[in-house]
Each structure stands twice: as structure tokens, then as C-alpha cells.
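Peer 1: Residue numbers (the working numbering), protein chains in the order written: chain A, 1 to 457; chain B, 458 to 914. Just so it is clear, CB atoms sit at the ideal spot from N, CA and C, and this is done for glycine as well. Predicted, not measured: the structure shown is a model, and the values here were computed from it.
(1) Taking 8 Å as the threshold, find out whether the stretch 494-503 of chain B comes into contact with the stretch 541-548 of chain B through three or more Cβ pairs.
(2) Residues of the stretch 483-498 of chain B with a CB closer than 9 Å to any CB of chain A: list them in chain order, please.
(3) Could you compute how far the alpha carbon of residue 867/B sits from the alpha carbon of residue 656/B?
(4) Of all the CB atoms in chain A, is at least one closer than 7 Å to the CB of residue 819/B?
(5) Residues of chain A with a CB under 9 Å from the CB of residue 780/B: which are they?
(6) Relative to the alpha-carbon of residue 291/A, which residue among 255/A, 275/A and 405/A has its alpha-carbon at the smallest distance?
(7) Among the residues of its own chain, which have a CB less than 7 Å from the CB of residue 837/B, if the five just before and after it don't count?
(8) Roughly how many angstroms lie between the CA atoms of residue 428/A and residue 18/A, to the nearest whole one?
(9) For residue 111/A, tell me which candidate among 444/A, 180/A, 440/A and 456/A has the shortest Cα-Cα distance.
(10) Put residue 344/A into one of helix, strand or coil per three-state DSSP.
(11) Within 10 angstroms of the Cβ of residue 165/A, are there 16 or more other Cβ atoms? Answer buried if so, exposed if not.
(12) When DSSP labels each residue in this structure, what does residue 752/B get in the three-state scheme?
(13) Which residues in chain A have a C-beta closer than 7 Å to the C-beta of residue 756/B? List them in chain order.
(14) Could you tell me if residue 327/A is buried or exposed, where buried requires 16 or more neighbouring beta carbons within 10 angstroms of its beta carbon?
(15) If you measure from the beta carbon of residue 224/A to each beta carbon in chain B, is any gap under 7 Å?
(16) Is residue 308/A helix, strand or coil by DSSP?
(17) For residue 7/A, does the three-state DSSP call read helix, strand or coil?
(18) Excluding the 5 residues flanking residue 211/A on each side, which residues of the same chain have their C-beta closer than 8 Å to its C-beta?
(19) Quick one: is residue 116/A near chain B, going by C-beta distance under 7 Å?
(20) Distance check for residue 852/B and residue 830/B, CA to CA, integer angstroms please.
(21) If you measure beta-carbon to beta-carbon, which residues of the stretch 520-544 of chain B are closer than 8 Å to chain A?
(22) Taking the straight line between their C-alpha atoms, what separation do you get for residue 504/B and residue 515/B?
(23) Regarding residue 32/A and the ligand HEM, is the C-beta to nearest heavy atom distance less than 6 Å?
(24) Please work out which residues of its chain come closer than 6 Å, Cβ to Cβ, to residue 585/B, disregarding the five sequence neighbours upstream and downstream, and give them in chain order.
(25) Would you call residue 553/B buried or exposed, if buried means 16 or more other Cβ atoms sit within 10 Å of its Cβ?
(26) Figure out for me which residue from 755/B, 587/B and 673/B has the closest Cα to the Cα of residue 120/A.
(27) From 893/B, 914/B, 662/B and 887/B, pick the residue whose C-alpha is nearest to that of residue 551/B; which is it?
(28) Who are the neighbours of residue 613/B on chain A, taking C-beta pairs under 7 Å?
(29) Going by the DSSP bridge assignment, what does residue 394/A pair with across the sheet?
(30) Of all the residues that make up the stretch 329-358 of chain A, which are near chain B by a beta-carbon distance shorter than 9 Å?
(31) Using the beta-carbon of each residue, which ones in chain B are nearer than 8 Å to residue 285/A?
(32) Taking only runs that begin and end inside the stretch 48-96 of chain A, name each unbroken alpha helix (DSSP H) of 4 or more residues, in chain order.
(33) Beta-carbon within less than 7 Å of residue 534/B's beta-carbon, same chain only, minus the 5 sequence neighbours each way: which residues are those?
(34) Comparing the C-beta of residue 279/A with each C-beta of chain B, is any distance below 7 Å?
(35) Return no unless some Cβ of chain A is closer than 7 Å to the Cβ of residue 751/B.
(36) Candidates 305/A, 362/A, 250/A and 399/A: which alpha carbon is nearest residue 294/A's?
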């Protein structure tokens, strides 16, 4: 790659941060209906930026939900085509009082930029936009054909994406998909991720009585839905952290011995990990290490609870209803629909007849695992090495990017997970942040990635 | 009693309702700091009304919390002195969207007045004020000496009351306490209540990690505090509804056989009760009837739950913290402090070391039981018969009025529970209401009560 592209990138670091701040200022929270206009505004901002950096055929494509942003540059005759996928929507920000600086007023402290969406995923999208800009401004062309495809519903389960990809199969056709929406293994340890967990997300609603009741006058005479919810949840895992849903583990692909050996060699400091999280003790499924639990084993999690009186002080009430948000993370070869059905059957079995239980399937996503000796993954490894000055490790990730399975299934192409976040960057939590040196190295690595992919003729 | 007092009462029914509406319009919610000024305004309104109806020595007495309203009329030479106790504060109104009419804009529908505080306790206080007014306006005097003592912290555990009664022991000295803050047995079945349950109320806070975590990246590696909360709660009761806290039942006074026989003869329709509550099925401690469970057996209840994401949609988060409000209703001879200590020890035993658990004692109250053949209780029975046209049944109540134990202990006097609410009047729930015919009969019964008590020289 010509030096002047790296020079250009290094010269414009400050400008990149200022531009990124504008992007992060848009509260594109897809989960909250009141932010609908912001979500659209964010799509428009993304499109304008693509236009500005020199991409072609820029457009918003409407879906039944939030618009998709599309652009391409297809002038690299004979070179492969990469499809870059990202999402411009972000998570909600509650509890907002736990943010040190306002979530949509990006603030740089100690080389990190704090804002909702900084790591997940606007910062990582922007890294690619700046790498594309550097090529187009300095070389006048890209070394690989690029299609950009940025959606606005990832944080609410990408519910219209599957259909969109099917309906735009020809427009999205490519040789490889590149996604930057995951953390690297650790600070200073860049990585290429070759496996993701899937997801099955539910809301449980329990109704005991028509209205809230005085717990003095009625306590002892009726089932308490908040207590019943506790009873139901408690039956989901045993003391050893193993999920008790009948059939839950049937399709779990066992960890290969080589994989376990390889992961044991990774520089993972369990003590520091625990301390960083502030947990009194780590806890997970008996018989597995922490990395194995997070990367290669399914789990059952409670994401939210709500019932009765939750204000300051005391209110002696038997709540009429109790609600939980729960989700299961899945690993190959579990199927989210099948697991959802097993869960429904199990809840039906364990729930008492004293209450009404309603289960709502919120969303699901398939787990994914790549063949990591394919040539695109290897090209990505070389680009990371040039951007970060060291060769990457190969790991899996505990999170879910359901679209990866869709791309495999519908477009028939592999994905490369080219993430430059860090595991402690509070994606989905207060004080989300992105390390700016990783961002700047990432822009260089992305510029090299395009060149490496362009060589694979 | 002279007919002209009953005539006066019957003549002023409409005015009573209009005046009661003004009283109910004051949102005197003691649990919510932002309603502090309303609470004080309500105390002042009560004092002005006492002044207006002709009571003497009317004053607000400051406490470290909300003021107490005091008044007396001590001109019945040779007659006993009754201390009337009530509370002018009310419960919070959430969920406010479930109210058919606004909670502080009292509305009459089908002979019932709907408003927060209508049954608990402003309506029942007002019944006495109107009976006192009728005597003073028509006879120019009361047949019994009356001290009025109305507090403003009952709904937050009467936390300064105990000390107040001790410090004002001489001022409050009386022969009998009259309290109207409980329901009658059923519509058309007036009753005198001779037993109440006690209370031990806690908040449990569980912390897993420093911040909320992405449930993909960390799910499986750390204990989930919302799940642990479910596990802890589930261990509080067995499948038969029996509380599992070690030592919990040690001091429970067994039900007497006569009492069980007597209650079996009460016109209690379990089918209608279940239907009115809208419960799929009744549920409680094995081996006891519904009335026994509510009146004479202790219980463990979850009053509130809060953790993680509770909005619309899905958020894949492991909450950093989870909170529950819980309370235990106690029966003679359980002691709230002793039970609280047993509970703390049990939680400590069952909670895993993977989380930090904080228990906060919110408030407590002793259970109470009267000797129901004492002459004050019998006098109250005669007054009820004259107001309602039928003799009352004698029952216990599942709720708690901790001050009853305080009066017994500090003033050494028995209480008479002279309640005219109904069990389905939604005290502590949306759409609280009071039956106006019970209110009007109650004013007449109270007027007779003063006469009956005055005869006990």
C-alpha cells in the first residue's frame, strides 16, 4: 500500500474524532419508539457521509422498520467484492444516572471516547468509512470492490434483515462479508473472531389477580406472582450453573480438544477479569473455564425484572402481575426456534396453575462458526498485523450477530469478523467507550484489508 | 340516643359526601418525598375540621416526621375517655393508569366513592368527625370524653409513633382506644375485629458486578443477580406454601378449635372470593382454610421486584443489581424483631458467595389479639347493631395496625376495631373506594358508640 494513504490517515486523526463525535451525537435508539426520528436522522447522516467520502449509488432503502443505508464502489475490475455490514442503531442508555458524561455528548478521557454507540457499532463503522475515504482521496480508487450495507435494527433483533437480504440477494452479492462489531481478545491483543453465539429472547408475564391486593388483607390466600416468577426462574438452572430445560443441550456441539488447548494458551488473566467486572466471584457451568463458558457453552440469563412497588420506602402490596425479560445464548448447533419451543414447554411444566403465564418470543438468532483457515480470514489476519503491529489471535465471541448466519445461508459467502473494540468497553451498559488508538490503528488495518482482499483474484 | 341526632345525620348525608371529597382531594402520600407539602396540608385540613365541628385543644404536634393532629373534648364528667386513633396519610397511587377516575378527584359511582384514602383511612376518620359534629351541634355535648389522635405516617410504618405515644403518655391517657381502619367481614355483615397480623418488611439488594454487562459477551461467566434473586426468593416457601425460614413458626400460637369452628360457620363464599379477585386458583399454606391463612397464619410475600431492562422490547443485559421488597405478615406470638433476625440469618445461609447481598429492615409491627368479651368490645357490638340493623360477627384481620400493640403496651388500654370498610375496596390498589351506605350507617353507629361507651361508668 502506498505510504501516502497511511500518512493521510495519520494526518487526519483529530478530524476523524471530531466527525465521529457528530455521528455519536444522534440518539438512534431503535428499542424506544420516541427515538424513531433520531434513528432516521442517523441513517441520513450515514448516507451523507458515504456520499462525501466518494462512495457511489448511495441510498436509503426502506424496510417495514428502519431504513437500510446502501452504497457501493465497484470500479476494481477483476478484484473480489466485499460486503461491509454494520448497524447505525444503538442500545438504550438507562440507567442514565450512571453515565459519567452524557451518553450522546461524546467525551474523550484518557485516550478513550465515551458515548453510546462508540464501540457498538458507530465507531467501528466509521473506521471503515475513514479507510475508504483515505483510498478514494489519495489513490482515487479502491483496491477491492466494496458494497456498504448498514442497518438500523440490530439492537432490536434485526427483525426485517433476513427478509431484506433475501429480497436484495443480487444487489448484495459479494465474495466475502466484513463485519466490525465485536471486541478484540484484549487490550494489545488484536484478534479475528471465528465463532458467535446465537440468541433466544423472551418476555414472561405472570398474572395472579385482577388488581394489586393489600398484602395484609390477602397475604396467604393467593399465589403471589412475583414469588411465582422467582420460583419459575430458579428452576431454569441447577446449582452447578447447568440449564435444566429438558433437551436444552441436545444439539450442543462439544468443544474440540485442540480448541480447549489453544484457548488455555491465550493470555487470559482470570483474576484481573473478575476484578475489572467487580464481581465477588466468577460463576458458570461446572466443568468449563471462563472462556469456554462464554464462547462455547450456552447460558440462561435474566435481563430484567419488574413487579409491584419499586419506589423508595415500603408498600404492602401483592402485585397483580410480574414480568421478566430472559434470554438464552446458544452455541453451534443449537437452533433458536427449537430451543424456544423447549423453553415454552418447560415453563408450562414448571409453572403452577395458580397464575396465568404468558410467554412472548422477542427475537432469536442462530449461532455461527467459521472455518478459520479460509483465505479471507487469513487476509484479515495480515491486515490486522499491519495496522496493529502484531499478528492476531483467533477466538470466538459470546455475543450474537445473527446476520452472519443469514449471509452464509442466503448469499452463500463467509464472513470475516474484523472487530477492534475491547471487552471492557461497556457495550449495552453505561459509559460505553472506544479506545482511540485502536480506532486509529483500525483505520490503517481496514485500509490494508481492502488491499489484501483485492489481491485475492 | 335522642332521635334528633340520627335525624341530623340523615339530613346532612349529601353535605358529608361533598366535604369528604375535599378531604380526599389532598394527595397526602407519605411514602413519596415530593408529597411532603400535601401531607402537611392534609394535617392542617384535619385540624381545621376538628375546630369547625367543635372539638377543643386542637393542635398539630410536630414529630421528627409528619405532624400528629390532636384534639379533645373532655366535658363528660364521670364518663370514660375514649382515644380515637386514625391516619390522614395515604398509599401511593401507582400504577396510576389503572384508575378509572383520578385518585384524588373523588367520584361517586353506584353508591361508592372512589378515591385514594376513601376506605384507608380518611373516609373512616371522617365518619367519626361527623358523628362528633352531630352530637355537639344537636346536644351541645358528647356522652363520652373523646381524645382525637390522627397520625400521618401509618402507610410508611408509623415510624415515629411508638416514641410519640411514650412521650405523650399522659396526654393520650384513656380507658379505651377506638380505631376505624379495617374492613367489616363482608357486605351486609358488620363485624368487630379482635385480631391483627404483625409485619416485618425488608428490601433486598443484590449486586453482581460494577456495571450492567452485555449478556452476550459475559453471559455464563458471572452470576446474574436477577437470577440469584429468584433463587433466594424461591427458597423462602415450599411447594405447600409453608415458609422455610428456620425457626419461623416457633412462636406461632396455634388456632383454637372453637375459633376454627366459629369461622367455618361464617358466610364465606370461597368461589365468589376467588372470582372477585380474578385468581385462576386460590393458594396458601396446606392444612388451613382461606380465612385461617389470612387471619391466623403468617405469610411471606414479595411486594416488588426491579432489575435490569424493563422497558418495551429487548435489551441483552446482565443487570449489575437486582432489588426486591418483601414482607412477612406475623401472627401472635411472633415478634417482628426476632423474625427479622431469623430472616437475615436464613438469607445469609442460602445466598451464594457470587454476589453481594444487602438487607434493609424497612419496618415492623407486632401482631395483636384482643379478649373479645371485654365490655368495650360488647358496647361496640351494640352500637354496630343500632347503626347497621344487625348484630356484628367477630373476626380477625390479615392486615397490621402496629399502633394497637403500642396502645396496649404503653397506655395499658384495649383497642376496639370499629371498621366499616369492605374487603374488596382496593385499599393499597388502584380504584380504592368506600361504600357510602356503610359510611352513613357508620356515622350513626359511631354516634351510638359514644353513647354506649359513656354508659360504662
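Peer 2: On the basis of the supplied data:
(1) Contact between the stretch 494-503 of chain B and the stretch 541-548 of chain B is present, because at least three Cβ pairs lie under 8 Å.
(2) For the stretch 483-498 of chain B, which is checked against every Cβ of chain A, the residues closer than 9 Å are 487, 488, 489 and 490.
(3) Mapped onto the second chain, residue 867/B falls at position 410. Mapped onto the second chain, residue 656/B falls at position 199. So the two alpha carbons sit approximately 19 Å from each other.
(4) Here residue 819/B refers to the residue found at position 362 when the second chain is read from its first residue. With a threshold of 7 Å between beta carbons, residue 819/B makes contact with chain A.
(5) Start at 1 with the first residue of the second chain, and residue 780/B comes out as number 323. Neighbours of residue 780/B on chain A, chain order: 305 and 310.
(6) Counting from 1 along the first chain, the entry for residue 291/A is found at position 291. The option with the nearest alpha carbon to residue 291/A is 255/A.
(7) Sequence index remark: in the second chain, residue 837/B carries index 380 (1-based). Excluding residues within five positions, the ones whose Cβ falls inside 7 Å are 649, 873, 875 and 906.
(8) Working through the first chain from its first residue, we reach residue 428/A at position 428. Working through the first chain from its first residue, we reach residue 18/A at position 18. About 23 Å.
(9) Counted from its first residue, the first chain places residue 111/A at position 111. For the residues 444/A, 180/A, 440/A and 456/A, the minimum Cα distance to residue 111/A belongs to 440/A.
(10) For the purposes of this step, residue 344/A is taken as the residue at position 344 of the first chain. Residue 344/A falls in the helix class under three-state DSSP.
(11) Taking the first chain and counting its residues from 1, one reaches residue 165/A at position 165. When all chains shown are included, residue 165/A counts as buried.
(12) Within the second chain, residue 752/B is the residue found at index 295, counting from 1. It is helical.
(13) Taking the second chain and counting its residues from 1, the one referred to as residue 756/B is at position 299. Taking the beta carbon of residue 756/B as reference, the chain A residues within 7 Å of it are 219 and 220, listed in sequence order.
(14) Your numbering for residue 327/A matches position 327 in the first chain. By the 10 Å Cβ count, residue 327/A comes out buried.
(15) By 1-based counting over the first chain, the position of residue 224/A is 224. In terms of beta-carbon proximity, residue 224/A lines the interface with chain B, with at least one pair separated by less than 7 Å.
(16) If you number the first chain from 1, residue 308/A lands on position 308. Three-state result, residue 308/A: strand.
(17) Within the first chain, the letter at position 7 stands for residue 7/A. Three-state result, residue 7/A: helix.
(18) The residue you call residue 211/A lines up with position 211 of the first chain. Once the five neighbours on either side are set aside, the close Cβ partners of residue 211/A are 320.
(19) Your numbering for residue 116/A matches position 116 in the first chain. False, the Cβ-Cβ gap to chain B never drops below 7 Å.
(20) For the purposes of this step, residue 830/B is identified with residue 373 of the second chain, where counting begins at 1. For the purposes of this step, residue 852/B is identified with residue 395 of the second chain, where counting begins at 1. It is roughly 13 Å from the alpha-carbon of residue 830/B to the alpha-carbon of residue 852/B.
(21) When C-beta distances to chain A are compared with 8 Å, every residue of the stretch 520-544 of chain B stays at or above that value.
(22) The count along the second chain starts at 1 and reaches residue 504/B at position 47. The count along the second chain starts at 1 and reaches residue 515/B at position 58. In a straight line, the C-alpha of residue 504/B is about 6 Å away from that of residue 515/B.
(23) This structure simply doesn't include the ligand HEM, nor any ligand for that matter.
(24) Walking along the second chain from the start, residue 585/B turns up at place 128. 541 and 903, listed in sequence order.
(25) Working through the second chain from its first residue, we reach residue 553/B at position 96. Classification for residue 553/B: exposed.
(26) The residue labelled residue 120/A in the question sits at position 120 within the first chain. If we check each option's Cα against that of residue 120/A, 673/B comes out closest.
(27) Along the second chain, one-based indexing puts residue 551/B at 94. Among 893/B, 914/B, 662/B and 887/B, the Cα nearest to that of residue 551/B belongs to 887/B.
(28) Here residue 613/B is taken as the residue at index 156 of the second chain, counted from 1. Those within 7 Å of residue 613/B in chain A are 313 and 314.
(29) The residue you call residue 394/A lines up with position 394 of the first chain. Paired residue(s): 192/A.
(30) Answer set for the stretch 329-358 of chain A: 329, 352, 353, 354, 355 and 356.
(31) On the first chain, position 285 is the one that residue 285/A refers to. Ordered by position in chain B, the residues that pass the 8 Å Cβ test against residue 285/A are 677.
(32) If you keep only unbroken alpha helix (DSSP H) runs of at least 4 residues inside the stretch 48-96 of chain A, you get nothing at all.
(33) Position 77 of the second chain holds residue 534/B. Taking C-beta separations shorter than 7 Å and ignoring five residues to either side along the sequence, residue 534/B has no partners in its chain.
(34) Looking up residue 279/A in the first chain gives position 279. Taking 7 Å as the threshold, the shortest C-beta distance from residue 279/A to chain B falls below it.
(35) Against the second chain, residue 751/B aligns to sequence position 294. Yes, contact with chain A.
(36) As a working note, residue 294/A is residue 294 in the first chain. Distances from the CA of residue 294/A to each of 305/A, 362/A, 250/A and 399/A were compared; the closest alpha carbon is that of 399/A.
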